[in-house]
Amino acid sequence: MNYRHAYHAGNIGDVLKHLVLARCISYMQRKDAAFRIIDTHAGIGGYDLQAEETQKTGEWQQGIAKVLAADVPAKAAPVLADWLDVVKGLNPGTELTQYPGSPALARALMRPQDRLTLTELHPADFETLAARFEGDWQVKTIHLDGWLALGSFVPPKEKRGLVLIDPAFEVTNEFELMADGMIKAWKRWRSGMYLAWYPLKDRKSVERFHRTLEEAELRDVLVLELNAGYNSPDRPMKGSGMTIINPPFTLAEEMRNTLPWLAEVLAQGPGASARIFQLLDE
Ligand SMILES: C[S@@+](CC[C@H](N)C(=O)[O-])C[C@H]1O[C@@H](n2cnc3c(N)ncnc32)[C@H](O)[C@@H]1O
C-alpha cells in the first residue's frame, strides 16, 4: 500500500467528492431520524496543508485554493456552502492551512443522533485516524479492508444513511471490486445511498464499471464528472467522477448549477468540462 492521501488532499478530485458528500449529508438532515455514514476508505481524517507531503505536490493549490479564491455565482453558492463552511471553519485566518478529509467533513456535518463508521487499511494512516476520533462516541474507527466493510456493515441499524466508497486505485481491479461491492451491498440494503468516487484517467474502465451496474439492473443511478482538462491513462489525473445510487432528488439540478462553473474555475487547459447524467432511472 503506497498511496497516502496526504499527497493529494484538497485536489480536484477532493473538490468533487467532498462537495457531493456534503450535499448528500445535508439532504439526509431533512428528517430528524438518525442516519449512519460509512466511509470505507477513510484516510487519516484531516490534512495539514503545510505538511511535507501536501507541500511536495501542492495539488490543493489546483483544487480547494482555486475554489476559495473564486467569485461564486448566486446559483452555486448555496450548493457549495455546506462543504466550504466546514473548510472555512478550520481556517479562521486568511491563510488556508487545514483541509478536512471525508471523515472530518462528515463529522462536522453530523447531528447528535447521527453516527459515523470509518474503515482504513493502511496501518499508520489507521493509527492517525483512530487517534483523531478517540473518545468520540459518535464515531467508530476500524482497521479493516473497506471492501469487507461494504459487504458486511449494511444495512446499518439506523436503516438510513450513506456509504462513501473512495478507494486508492492502486490495484488494477479496483473498478471491478467497486462494482461488485456496490451491487452486493445494494442487494442487502436497497434504500441506502452509495457514493463511489473514481479518477477519469481511463475512460474504458469507467464505461465497463457503468455497464456492470446497468447489467445488475440497479435503479436510480446518477453520474457526475468534473474535468480540469483532457484525461489520458498515462498523464496525471485531470478529472474524476462520482456514481451515486439513490441520490437526493435535488442533486442533479444542484450540480447543473455548480459543476460547469467549477470546471471553469479549476481549468488547467483545454478540455475542462462537467457532465451530469442519469445512468439508470428510478
Ligand atoms: C483516496 S484515499 C481516501 C480519502 C478519504 N476518503 C477522504 O476523502 O479524505 C483512499 C484510502 O484508502 C486506503 N485503502 C487502500 N486500500 C484499502 C482497503 N482495501 N480498505 C480500506 N482502506 C484502503 C488508503 O490507505 C487511503 O487512505
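Per our numbering, residue 21 is the first one in the sequence shown, and the count goes up by one each step. Note that the Cβ used here is the ideal one computed from N, Cα and C, for glycine as well. Computed from a predicted model, the values in this text were never measured in an experiment.
| Check | Outcome |
| --- | --- |
| Bridge partner(s) assigned by DSSP for A294 | L246 |
| Residue range of the alpha helix (DSSP H) that includes V107 | A97 to L110 |
| Touch test, the segment 80-94 against the segment 214-222, Cβ-Cβ under 8 Å, three pairs minimum | no |
| Assigned exposure category for S122 - 16 Cβ within 10 Å defines buried | buried |
| Backbone CA spacing between T232 and K224 [nearest angstrom] | 12 Å |
| As assigned by DSSP and simplified to three states, the class of T270 | coil |
| Length of the line joining the Cα atoms of L300 and F269 | 13 Å |
| Close-in-space but distant-in-sequence residues of the same chain around L39 (CB under 7 Å, 5 per side omitted) | L100 and W103 |
| Integer Cβ distance of T117 from Q82, believed to fall under 8 Å | With a Cβ gap of about 17 Å, T117 and Q82 do not count as contacting. |
| Beta-carbon contacts of M257 that lie in its chain and below 6 Å, excluding the five residues immediately before and after | P219 and K221 |
| Enclosing alpha helix (DSSP H) for E235 [first to last residue] | R223 to E235 |
| Given P120 as reference, the closest of I58, D134 and A29 once Cα atoms are compared | A29 |
| Of the listed residues A287, Q133, H230 and V174, nearest to F195 (C-alpha basis) | H230 |
| Bridge partner(s) assigned by DSSP for W217 | M262 |
| Nearest candidate by alpha-carbon position, reference L282, set L184, L246, A236 and I57 | L246 |
| For L138, the residue or residues it bridges with in DSSP | D59 and T161 |
| G261 CB to nearest heavy atom of ligand 1 below 7 Å | no |
| Cβ-Cβ separation, G33 to L149 (assumed contact under 8 Å), whole Å | Contact flag wrong, Cβ pair sits at about 19 Å. |
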